[in-house]
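**Q** Dropping the structure in here first, questions after.
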Amino acid sequence: FNSTTYQWPANSVIRKKLQGYVGFANLPNQVHRKSVKKGFHFTTMVVGESGLGKSTLVNTLFNTTLYPAKNDTVELSPEVPKTVEIQAITADIEENGVKLRLTVVDTPGFGDFVNNEESWKPILDNIEARFDAYLEQENRVNRHKMVDNRIHACIYFIQPTGHALKPLDIEFMRRLHTRVNLIPVIAKSDTLTEEEIRVFKERILADITHHNIHIYQAPQYEYDDSETISENREIMAKIPFAIVGSDKEVEAEGGRRVRGRKYPWGVIEVDNEEHCDFVKLRQMLIRTHMEELKEYTNDVLYENYRTEKLMAMGIQQDPSVFKEVNPLQKMEEERQLHETKLAKMESEMKMVFQAKVQEKEAKLKQSEEELYARHKEMKEALEKQRLELEEKKRRIESGRPITPEKKQKKGFSFNK
Ligand code: GDP
48 FNSTTYQWPA NSVIRKKLQG YVGFANLPNQ VHRKSVKKGF HFTTMVVGES GLGKSTLVNT
108 LFNTTLYPAK NDTVELSPEV PKTVEIQAIT ADIEENGVKL RLTVVDTPGF GDFVNNEESW
168 KPILDNIEAR FDAYLEQENR VNRHKMVDNR IHACIYFIQP TGHALKPLDI EFMRRLHTRV
228 NLIPVIAKSD TLTEEEIRVF KERILADITH HNIHIYQAPQ YEYDDSETIS ENREIMAKIP
288 FAIVGSDKEV EAEGGRRVRG RKYPWGVIEV DNEEHCDFVK LRQMLIRTHM EELKEYTNDV
348 LYENYRTEKL MAMGIQQDPS VFKEVNPLQK MEEERQLHET KLAKMESEMK MVFQAKVQEK
408 EAKLKQSEEE LYARHKEMKE ALEKQRLELE EKKRRIESGR PITPEKKQKK GFSFNK
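full-length UniProt numbering numbers the first residue of the sequence shown as 48 and each following residue consecutively.
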């Protein structure tokens, strides 16, 4: 991974051998074998205020220390950044021979200032810059070595207040939902009771619906087997995932060593579905939906961005184009144009047809008249012949000699 090609700061590659089970060995079931050989590449972003457990969750998810442990007593570093920073860490991890190149993009500083109004801006800029880098590669002649650094999922950490979403949360999600797959999680859910979590989840979802925010939804396919469908439903029913992170092992009931957090009243186990939704989040992100998240990023989020970008380029070239650029309006205009064209063609065809008919009618009339005239002529000739024959007959009968025709005609003085 060449961090100099792209401008994201603090990119470093850590090569890890995994100790425990993560679950991406299941990835070959998601995609074609070619990807198994090449390895998988997945980029996830974590956003949330400092101290909500982002680094811990990433370490817990991938079962590896991507982020160095922070001093539990000093949660905020003494040098608090003045702006939201974007930091990327890339690690190659391997499980049962399946390679995964994982990039985690952290956003320290988000929500940590007195004025957090524009906290979302550098994050949106970074996501779009990654889209731009991809677009630039697509436009190159040689597209063989495309590097996909787009963010495939954004885990958004909600503070476990138990009340409702904060304006900061709403603003962030509203600004970002058309650019990235949003996966909201309730941070440090071990600080809430089961009932508090249930109510909090309902409020969060109500807020999300109220503000027309689109969070990631797993698609349902007709060809999915019933097991996959129910698995998907179970995962989706848990959103926003109430999570607990811990990269430390503690001693649970019966002396078992588990990843979890120890309290005077007992142990919260990270990998126990009865205790939190961590397993479901990991299942979705790594085992079942990694490819879906990448596909949705490419087919919908990136594609929409690309279209908007191309249209915006139209504005710069000619401001008057802008009004016509609305795709729906453009389609409607094209349809109307097409219809006018059709109508014009139809009326032209009608006119040609009528002219042809008139021409034919005139011709018919003419030949009719000609026929009539000929008929009349023939009739008259026949009548004349008849009269002549009758005259002849009469003369023969009366015994008179037949006079030459000319004289007879003269003397005949027509029907007298
Ligand atoms: P970040 O600033 O968002 O990256 O947060 P860290 O991962 O550095 O965690 C900050 C502090 O919260 C550390 O002391 C962690 O041990 C603690 N922490 C992390 N996850 C949890 C959790 O799920 N529950 C509780 N109670 N504490 C947590």
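Positions of the beta carbon are idealized from the N, C-alpha and C atoms, including for glycine.
What you are looking at is a predicted structure, and each value in this text was computed from that prediction instead of being measured.
1. If I'm right that Phe305 touches Val314 with Cβ under 8 Å, what's the distance once you round it to whole angstroms?
2. Relative to the alpha-carbon of Glu218, which residue among Gly209, Thr208, His199, His261 has its alpha-carbon at the smallest distance?
3. Residue range of the beta strand (DSSP E) that Ala314 falls in?
4. For Lys423 and Lys407, what's the separation of their Cα atoms in angstroms?
5. Work out the CA separation of Leu99 and residue 13 for me, nearest whole Å.
6. Quick one: residues in its chain with C-beta nearer than 7 Å to the C-beta of Val131, no 5 flanking neighbours on either side, listed in chain order?
7. Do the region 86-98 and the region 133-151 make contact, defined as three or more Cβ pairs closer than 8 Å?
8. Report the residue from Glu241, Asn189, Val188, Met331 whose alpha carbon sits nearest the alpha carbon of Leu229.
9. Closest to His199 by C-alpha separation, out of Gln413, Glu380, Thr344, would be which residue?
10. The alpha helix (DSSP H) with Val399 in it runs from where to where?
11. Flag Asp318 as yes when its Cβ comes closer than 7 Å to any non-hydrogen atom of the ligand GDP, and as no otherwise.
12. One question on the structure: do Asn106 and Asp237 come within less than 8 Å of each other, judged by their Cβ atoms?
13. Considering only the alpha carbon of each residue, which of Thr137, Ile251, Ala176 lies closest to Phe109?
14. Could you pull the start and end residues of the beta strand (DSSP E) that Arg306 belongs to?
15. Would you tell me roughly how many angstroms separate the C-alpha atoms of Lys410 and Tyr419, rounded to the nearest one?
16. According to the Cβ coordinates, are Ser97 and Tyr114 closer than 8 Å?
17. Please return the same chain residues whose Cβ sits closer than 8 Å to the Cβ of Glu175, not counting the five positions on each side in sequence.
18. Quick check: the Cα distance between Ile276 and Gln267, rounded to an integer number of angstroms?
19. Is any non-hydrogen atom of the ligand GDP found closer than 7 Å to the C-beta of Ser277, if you look at the structure I gave you?
20. Thr111: buried (16+ other C-beta within 10 angstroms of its C-beta) or exposed?
21. Tell me where the alpha helix (DSSP H) around Gln184 begins and ends.
22. Taking just the CA atoms, how far does Glu183 sit from Asn189?
23. Determine the closest residue to Asn319 out of Ile333, Glu300, Met337, Thr335, with distance taken between C-alpha atoms.
24. Who are the Cβ neighbours of Gln264 in its own chain at under 8 Å, not counting the five residues just before and after it?
25. DSSP three-state label for Gln134, please.
26. Quick one: is Tyr349 buried, meaning 16 or more other Cβ sit within 10 Å of its Cβ, or exposed?
27. For Phe204, tell me which candidate among Met392, Pro231, Val194 has the shortest Cα-Cα distance.
28. First and last residue of the alpha helix (DSSP H) that includes Arg250?
29. Only counting the same chain, and skipping five residues up and downstream in sequence, which positions put a Cβ closer than 8 Å to that of Tyr310?
30. Thr208: beta carbon under 7 Å from a heavy atom of the ligand GDP?
31. From Lys327 to Leu104, what does the alpha carbon distance come to, in whole angstroms?
32. For Phe160, which option in Asp195, Asp139, Gly95, Glu241 has the closest C-alpha, if you only look at C-alpha atoms?
33. Confirm the yes/no value for this check: CB of Leu147, any heavy atom of the ligand GDP, distance under 7 Å.
34. Excluding the 5 residues preceding and the 5 following Gly446 in the sequence, name in chain order all residues of the same chain whose CB lies nearer than 7 Å to its CB.
35. Just to confirm my understanding: we take Phe178, look at its own chain, exclude 5 residues before and 5 after, and list those with CB closer than 7 Å. What are they?
**A** According to the data block:
1. The question names Phe, yet the displayed sequence has Val at residue 305. Rounded to the nearest angstrom, the Cβ distance from Val305 to Val314 is 7 Å, consistent with a contact under 8 Å.
2. Among Gly209, Thr208, His199, His261, the Cα nearest to that of Glu218 is on His261.
3. Residue identity differs from the one stated: residue 314 is Val in this sequence, not Ala. Boundaries of the beta strand (DSSP E) harbouring Val314: 313-316, taken from the DSSP string.
4. Answer to the nearest angstrom: the Cα atoms are 24 Å apart.
5. Residue 13 lies beyond the residue range present for the chain, which begins at 48 and ends at 463; the question has no answer from this structure.
6. Thr154, Gly156, Phe157, Ser166, Pro169, Ile170, listed in sequence order.
7. Two segments are said to touch when three or more pairs of C-beta atoms, one from each, lie closer than 8 Å; by this definition the region 86-98 touches the region 133-151.
8. Answer by Cα proximity: Met331.
9. Relative to the Cα of His199, the nearest Cα in the group Gln413, Glu380, Thr344 belongs to Thr344.
10. 374-445 is the extent of the alpha helix (DSSP H) around Val399.
11. Not so, every heavy atom of the ligand GDP lies at least 7 Å from the Cβ.
12. Going by C-beta atoms, Asn106 is not nearer than 8 Å to Asp237.
13. Of the candidates Thr137, Ile251, Ala176, the residue whose Cα lies closest to the Cα of Phe109 is Thr137.
14. Note, Arg306: beta strand (DSSP E), 304-310.
15. Cα to Cα, the separation comes out at about 14 Å.
16. For Ser97 and Tyr114, no; Cβs fall outside 8 Å.
17. Here the set comprises Arg226, Tyr352.
18. Linking Ile276 to Gln267 through their CA atoms gives a straight-line distance of about 7 Å.
19. Not so, every heavy atom of the ligand GDP lies at least 7 Å from the Cβ.
20. A residue is called buried when at least 16 other Cβ atoms come within 10 angstroms of its Cβ; Thr111 meets this threshold and is buried.
21. 167-185 is the span of the alpha helix (DSSP H), which, as asked, contains Gln184.
22. Answer to the nearest angstrom: the Cα atoms are 11 Å apart.
23. Nearest to Asn319 by C-alpha distance, out of Ile333, Glu300, Met337, Thr335, is Glu300.
24. Excluding residues within five positions, the ones whose Cβ falls inside 8 Å are Met283.
25. DSSP, read as helix, strand or coil, puts Gln134 in strand.
26. When all chains shown are included, Tyr349 counts as buried.
27. When each option's Cα is compared against that of Phe204, the closest is Pro231.
28. Looking at the DSSP string, the run of the alpha helix (DSSP H) that includes Arg250 is 241-257.
29. Spatial neighbours of Tyr310 in its own chain (CB-CB distance under 8 Å, excluding positions within 5 residues in sequence) are listed in chain order as Asp237.
30. Checking the Cβ of Thr208 against the ligand GDP gives no.
31. Using only the alpha carbons, I get a separation of about 13 Å.
32. Comparing C-alpha distances from Phe160 to each of Asp195, Asp139, Gly95, Glu241 shows the shortest one belongs to Gly95.
33. Not under cutoff, so the answer is no.
34. Result list for Gly446: empty, nothing under 7 Å.
35. Arg197, Tyr349, Tyr352, listed in sequence order.
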